[in-house]
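Structure record follows, encoded as structure tokens.
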Amino acid sequence: MIRTALITGASSGIGAALARKLAERGTEVVLAARREDALREVQASLPRSARVEVMDVSRPDDAAAAIRRLDEQVGGLDLVVANAGVAGLRWAGELDWESCAPMIDVNVRGAIATLTAVLPRMAERRRGHLVGISSMAAYRGLPHNAIYSATKACLSTFLESLRVDLARTGVRVTDVRPGFVQTAMTAQADHAKPFQMDARAAAARIVRAIDRDAAVAAFPWQTAALVRSLTLLPARAYGIVGRLARPPRQSR
180 MIRTALITGA SSGIGAALAR KLAERGTEVV LAARREDALR EVQASLPRSA RVEVMDVSRP
240 DDAAAAIRRL DEQVGGLDLV VANAGVAGLR WAGELDWESC APMIDVNVRG AIATLTAVLP
300 RMAERRRGHL VGISSMAAYR GLPHNAIYSA TKACLSTFLE SLRVDLARTG VRVTDVRPGF
360 VQTAMTAQAD HAKPFQMDAR AAAARIVRAI DRDAAVAAFP WQTAALVRSL TLLPARAYGI
420 VGRLARPPRQ SR
């Protein structure tokens with residue numbers, strides 16, 4: 180049983196839905212995000228008590244220190260979920276460092292700070308589960324998603340290395356790669372979202388993956404099959420497919 184869990188980005192979307200799912204199973208959840216008012220709303224909706232921690236993972240040193248403190252307060256976190264993330268479509272010709280940095284700060288630096296904050300303690304305790312919410316975008320560089328795809332590929336390969344290294348320690352690692360999920364972040368994207376699922380269904384898939392100690396959980400299967408098939412294309416053929424993509428309306 181998962182006694183205690185910390186979830187970043189828990190104020191809405193997948194994070195909030197996952198918190199509800201875990202709380203229904205009796206887990207004491209620590210809800211972490213930047214917006215205290217939204218966290219309090221989620222807290223009030225849960226079937227059991229939960230902690231609220233206002234945290235900005237784009238400040239990785241502060242976030243890691245807060246997670247270590249929480250680990251001590253709850254007597255050891257059993258599950259840490261790096262869910263906080265940002266996205267945005269942008270044509271590569273418009274990219275500059277100022278537009279790239281926020282996504283890197285949250286999706287890479289913030290996620291890694293979250294996952295490593297209590298990793299040495301988990302390894303010493305010889306128990307614990309680390310979960311990173313990556314994306315189907317990790318499989319291949321998607322058009323108009325140069326930075327997003329890169330950040331999620333970084334997270335997924337980081338998780339894979341962790342799982343290999345920690346295989347004999349009792350610390351488990353799961354890489355979650357959802358397709359389109361109905362969230363406020365996804366709603367901002369102006370393009371087709373095939374096989375989109377709601378956040379509750381996504382949370383149920385994630386909990387199932389945690390229970391099974393899955394190395395990678397990619398869902399829904401239809402999107403996973405499509406995206407994985409793209410990894411089989413040679414670079415030249417994939418380039419042709421990419422050129423057919425419609426430029427995002429918000430970027431042009």
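If you count the sequence shown from 1, position 53 lands on 232 in this note's numbering, and the numbers rise without skipping. Ideal Cβ positions, reconstructed from N, Cα and C, are used throughout, including at glycine. In this text, all values refer to a predicted model and were calculated from it rather than measured experimentally.
(1) Which residue comes first and which comes last in the alpha helix (DSSP H) that contains Gly-163?
(2) With distances taken between CB atoms, is the gap from Pro-357 to Ser-408 smaller than 8 Å?
(3) Which residue spans inside the segment 389-428 form an unbroken beta strand (DSSP E) run of at least 3?
(4) So, for Met-180: in the same chain, excluding its five sequence neighbours on each side, which residues have a beta-carbon less than 6 Å away from its beta-carbon?
(5) CB-CB under 6 Å to Tyr-318, same chain, minus the five flanking residues each way: which ones, in chain order?
(6) When you compare only the Cα positions, how much space is there between Glu-203 and Leu-268?
(7) Using DSSP with H/G/I as helix, E/B as strand and the rest coil, what is Gln-375?
(8) Comparing alpha-carbon positions, which option in Pro-322, Leu-338, Ala-404 lies nearest Ile-312?
(9) Answer with buried or exposed for Asp-434, where buried requires no fewer than 16 other C-beta atoms within 10 angstroms of its C-beta.
(10) Entirely within the segment 192-248 and at least 3 residues each: give me those beta strand (DSSP E) ranges in chain order.
(11) Going by C-alpha to C-alpha distance, which of Leu-201, Val-420, Gly-289, Gly-307 sits closest to Asp-240?
(12) How big is the Cα-Cα spacing for Leu-412 and Val-209?
(13) Is it true that the CB of Ala-212 sits closer than 8 Å to the CB of Met-234?
(14) Do you know whose CA, among Asp-284, Val-287, Leu-294, Ala-271, lies nearest Val-260's CA?
(15) Where do the N-terminal and C-terminal ends of the beta strand (DSSP E) with Arg-304 fall, by residue?
(16) Determine contact between the segment 372-391 and the segment 325-345, defined as no fewer than three beta-carbon pairs at a distance below 8 Å.
So, from the data block:
(1) The requested residue 163 is not part of the displayed model; the chain covers only 180 to 431.
(2) no
(3) 395-398
(4) none
(5) Val-406, Thr-410
(6) Near 35 Å, if we compare the C-alpha coordinates of Leu-268 and Glu-203.
(7) coil
(8) Leu-338
(9) Residue coverage of the chain in this structure runs from 180 to 431, which leaves residue 434 outside it and unanswerable.
(10) 207-212, 230-233
(11) Gly-289
(12) Here the C-alpha atom of Leu-412 lies approximately 42 Å from the C-alpha atom of Val-209.
(13) yes
(14) Looking at the Cα atoms, Leu-294 is the closest of the given residues.
(15) Premise fails: Arg-304 lies in the alpha helix (DSSP H), 298-304, not in any beta strand (DSSP E).
(16) Taking 8 Å as the limit for Cβ pairs, the verdict is that the segment 325-345 does not touch the segment 372-391.
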